[in-house]
Amino acid sequence: MAYQKAVREYSPGMLAVARFYLDHSSAEEVVQDCWVTVIDAIHKFEGRSGLKTWLHRIVANRCKNKLRASKREVATDFSEGLEPDLAERFNATGRWDLPPKLQFHDSADTLLENGALSDCLDKHLSALPETQRSALMLYEAHQHKSEEVCNILDVSASNLRVLLHRGRQKIFLMVEAFQETGEC
Amino acid sequence: MLMCRDLAVIASDYIDGELSGRQSLSVKMHLMMCRDCRTFIGNLRATTDLMKGHSSGKLNEAFLQRVDERVAEALRTKTSPNKDK
């Protein structure tokens, strides 16, 4: 069925949006509700944005309403700078003390053929703070433009930059450790 | 003068083309002279490619089943000739 296919294709992104705002079970509930809403409202889809963006906006608006109703806010750390594990690799003069040892020579596709690395990536993505993970998923995996991500997640451009860089550093450190030791 | 640590702080902005022309030039100058930072930027870029290629968010079957059931129910209600409208 077309809807089943759409549910499988679009739900990961919709969940990534919902997890920015809500806990896991509330996020799943909102995504389920949104699919029901979409069935009634699909005629309102005007094609001005892509279907993916339209769905993500529906989820974001529903989450924001839910937060407003419960008078809660998204708690986010927007402090700039380096992850502690990366920061401690520089000396007092600002030069590398422990520079990256290996170069990631393989292409992303080749790296991802390594099932253990792919599983490790899943594990570390799950362990990221929700806000960093949602920002990364929407920007990298779902390839939204910055403005779209800011709009969907209701964050400023500078705060999005912080979320992306903090998340990327953590994943970079994970890939580096995996490349060096073969362990997750 | 831009130090390695400063470059690491703005590395994502550089990769995404979000720096001003002047900042970007200063990163490029530093990269010409610093092999460690070239490796770092290359590896960080590879990390972003990795996430782009990663099939994100495996969904659990129980969740999918619940969505399928609710979608099927909503479609039944929508197309049912006996619905109250």
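The listed protein sequences correspond, in order, to chains A and B. With the numbering used here applied, the first sequence covers 1 to 184. With the numbering used here applied, the second sequence covers 1001 to 1085. All C-beta atoms, glycine included, are put in the ideal place defined by N, C-alpha and C. The model shown is predicted, which means the values in this text are computed figures rather than measured ones.
query, result
"Chain A contacts from the region 1012 to 1024 of chain B (Cβ-Cβ distance under 7 Å)", "S1012, D1013, E1018"
"Proximal residues of chain B, C-beta to C-beta of I42 (chain A) below 8 Å", "In chain order: nothing, as chain B lies at least about 10 Å away."
"Close Cβ partners of V31 (chain A) (< 8 Å) along its chain, the five nearest in sequence each way excluded", "S11, M14, L15, A18, V59"
"Continuous alpha helix (DSSP H) assignments of at least 4 residues falling wholly in the region 117 to 174 of chain A", "130 to 136, 146 to 153"
"Those residues which DSSP pairs with F90 (chain A) across a bridge", "A:W96"
"Three CB pairs or more closer than 8 Å across the region 157 to 177 of chain A and the region 1045 to 1052 of chain B", "yes"
"Residues of the region 159 to 173 of chain A with Cβ closer than 7 Å to any Cβ of chain B, in chain order", "R161, L164, H165, R168, I171, F172"
"Range of the contiguous alpha helix (DSSP H) that encloses R1066 (chain B)", "1061 to 1079"
"Residue-chain proximity (K115 (chain A), chain B), Cβ-Cβ < 7 Å", "It should be pointed out that residue 115 (chain A) corresponds to Gly in this sequence rather than to Lys. No, its Cβ sits nowhere closer than 7 Å to a Cβ of chain B."
"Per-residue DSSP class, three states only, for H105 (chain A)", "coil"
"Per-residue DSSP class, three states only, for R72 (chain A)", "coil"
"Neighbour flag for V1027 (chain B) against chain A, beta carbons, 7 Å", "no"
"Straight-line Cα distance separating K44 (chain A) from T1077 (chain B)", "19 Å"
"D1016 (chain B): first and last residue of the uninterrupted alpha helix (DSSP H) it sits in", "Neither: D1016 (chain B) is in no alpha helix (DSSP H) and is coded neither H nor E."
"Proximity to E29 (chain A) [Cα-Cα], best of B:D1036, B:L1031, B:Q1065", "B:Q1065"
"Proximity test, Cβ basis, 7 Å: G190 (chain A) and chain B", "Because chain A in this structure spans residues 1 to 184, residue 190 (chain A) falls outside the shown range and cannot be described."
"C-alpha gap between S118 (chain A) and S1080 (chain B), whole angstroms", "45 Å"
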